[in-house]
Amino acid sequence: MHIRYWLISFLSLVLAVAGCSKNTEPATANPNAEPQAVAPADGRAQRNSEMWRTDFEAAKAKAAEEGKDLLVNFSGSDWCYWCKRLDGEVFSRPGFVDEVGKDFVLVNIDLPDDKSRQSRQLQAQNDRLIRIYRIEGFPTVILMRADGTPYAETGYQNGGADAYLRHLKELRQER
Numbered sequence: 008m009h010i011r012y013w014l015i016s017f018l019s020l021v022l023a024v025a026g027c028s029k030n031t032e033p034a035t036a037n038p039n040a041e042p043q044a045v046a047p048a049d050g051r052a053q054r055n056s057e058m059w060r061t062d063f064e065a066a067k068a069k070a071a072e073e074g075k076d077l078l079v080n081f082s083g084s085d086w087c088y089w090c091k092r093l094d095g096e097v098f099s100r101p102g103f104v105d106e107v108g109k110d111f112v113l114v115n116i117d118l119p120d121d122k123s124r125q126s127r128q129l130q131a132q133n134d135r136l137i138r139i140y141r142i143e144g145f146p147t148v149i150l151m152r153a154d155g156t157p158y159a160e161t162g163y164q165n166g167g168a169d170a171y172l173r174h175l176k177e178l179r180q181e182r
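Per this note's numbering, the sequence shown starts with residue 8, numbered consecutively.
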C-alpha cells in the first residue's frame with residue numbers, strides 16, 4: 008500500500024512537470040506553417056515598431072505626461088505561436104497602432120529564447136516585470152494606469168485588429 012502511494016505520487020509529479028512546457032502551439036496547428044507578422048505595404052511597419060517601447064519606466068513617464076494608459080504586451084516573440092498570431096493578425100495591421108496609440112502608450116516586454124538582441128539590462132527588466140505582474144502564459148496583454156497599476160488583462164482574441172480594438176475599448180471602461 009505504501010509503495011503504491013509513492014508510485015502514484017511520483018507519476019502524478021512526472022505528468023505535472025511534463026505538462027508544463029513552453030510549447031503553446033495547439034495540437035491542430037500545422038507545425039510547418041509559422042505565422043508571420045504581416046507588414047503593411049505603405050511603410051507603416053517602421054512606424055509600428057517605433058510606437059512599441061521596451062523601457063517600462065520611460066513608458067510610464069510618457070503615459071503620465073500624455074495622460075494615457077499603458078498597453079503592455081508580454082510576449083515570447085520567437086517561440087510563442089499565439090504571440091506570433093497576435094502580432095500578425097492585430098499589432099502589425101494597418102491603422103491598429105495609430106488607433107490604439109490615441110489612448111495608450113504601447114510597451115512590449117519580450118522574453119525570446121534568443122536573447123542575443125537584448126541587453127542584459129533589458130533582460131533583467133523583463134524578468135522582473137514577469138515576476139511583478141505574475142505572468143503565467145503568453146501572450147498576456149495588461150492594460151495599466153500610467154503608474155503601472157493594472158486594471159484589465161487579456162491575450163490573443165480571434166477576429167483581427169478591428170475586433171481587438173473593440174475588445175480593448177470595452178476593457179478600458181473597467182478603469
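The beta carbon of each residue, even a glycine, is placed where N, CA and C say it ideally should be.
Using DSSP with H/G/I as helix, E/B as strand and the rest coil, what is residue i?
i, result
"Leu150", "strand"
"Val45", "Interpretation of Val45 is limited by its pLDDT of 39, a score under 50 that renders its predicted location unreliable; no figure is taken from the coordinates."
"Ile139", "helix"
"Tyr5", "Nothing about residue 5 can be reported from this structure: the residues present for the chain run from 8 to 182 only."
"Glu181", "coil"
"Arg127", "helix"
"Asp169", "helix"
"Lys122", "coil"
"Asn39", "Bear in mind that the predicted position of Asn39 carries a pLDDT of just 40, short of 50, making it unreliable; the figure below should be weighed with that in mind. Here Asn39 sits in coil by DSSP."
"Lys176", "helix"
What distance in whole Å lies between the Cβ atoms of residue j and residue i, which are believed to be in contact at a cut-off of 8 angstroms?
i, j, result
"Arg60", "Ala68", "Actually they do not touch by this definition, with Cβ atoms about 10 angstroms apart."
"Phe81", "Ile137", "7 angstroms"
"Asp62", "Trp86", "Actually they are not in contact, since the Cβ atoms of Asp62 and Trp86 sit about 23 angstroms apart, beyond 8 angstroms."
"Ala153", "Leu77", "7 angstroms"
"Val79", "Leu175", "Going by Cβ atoms, the distance from Val79 to Leu175 rounds to 12 angstroms, so no, they are not a contact pair."
"Leu150", "Tyr158", "6 angstroms"
"Leu129", "Met58", "No, Leu129 and Met58 are not in contact; Cβ-Cβ is about 18 angstroms, not under 8 angstroms."
"Leu178", "Thr161", "6 angstroms"
Taking DSSP's pairing of strands, which residues face residue i in a bridge?
i, result
"Pro157", "Met151"
Under the rule that 16 or more other beta-carbon atoms within 10 Å means buried, what is residue i, buried or exposed?
i, result
"Ala170", "exposed"
"Asn115", "buried"
"Arg173", "exposed"
"Thr147", "buried"
"Lys91", "buried"
"Gly167", "exposed"
"Asp134", "exposed"
"Ser84", "buried"
"Ala131", "exposed"
"Glu72", "exposed"
"Asp105", "exposed"
"Glu96", "buried"
"Ser99", "buried"
"Gly50", "Low local confidence applies: a pLDDT of 40 at Gly50 is under 50, so the model's placement there is unreliable, with the coordinate-based value given in what follows. So Gly50 counts as exposed."
Check: Where are the alpha helix (DSSP H) runs, 4 residues long or more, that stay fully inside the segment 87-117, in chain order?
Finding: 88-93, 103-107
Note to self: Ignoring anything shorter than 4 residues, give me the alpha helix (DSSP H) runs that lie fully in the segment 55-90, in order along the chain.
What the structure shows: 63-73
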